[in-house]
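Asks:
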Amino acid sequence: MPHVTIAYEPVWAIGTGKTATPQDAEEIHAFVRRHIAKLYGPQVAEGVIIQYGGSMKAANAAELLAEDDIDGGLIGGASLKAETFVPICVL
444 MPHVTIAYEP VWAIGTGKTA TPQDAEEIHA FVRRHIAKLY GPQVAEGVII
494 QYGGSMKAAN AAELLAEDDI DGGLIGGASL KAETFVPICV L
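For reference, each letter of the sequence shown is one residue, going 444 to 534 in this note's numbering.
#1: Would you mind working out which of A463, H478, G458 sits nearest L508, comparing C-alpha positions?
#2: Report the residue from P465, G458, H478, I513 whose alpha carbon sits nearest the alpha carbon of G519.
#3: Could you check which residue in P445, A504, S522, N503 has the C-alpha nearest to that of A488?
#4: Check for me: the alpha helix (DSSP H) holding T527 runs from which residue to which?
#5: Determine contact between the region 470 to 480 and the region 496 to 506, defined as no fewer than three beta-carbon pairs at a distance below 8 Å.
Below, the structure is given as structure tokens:
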């Protein structure tokens, strides 16, 4: 599974602009990684990219990306304008 990417977005965040706290998002990402480790081993789990997709924007991206098991983000509306997208890209 060297080229697997998983995206997590809370159902309540879809299209709402609401974002999970970094701690809540990390808890789910860590759960997913632990489950992958149980099924395929820790080396595979560490190689899987797990991205957060719940309204990541410049105001919260640094905090979300600082979490151990959040490997990236799916940027939605914030990617539509350079002034809101570039600050995320430079993190």
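Ideal Cβ placement from N, Cα and C applies to all residues, glycine included.
Replies: Taking the definition as stated:
#1: A463
#2: G458
#3: P445
#4: The continuous alpha helix (DSSP H) containing T527 extends over residues 525 to 532.
#5: no
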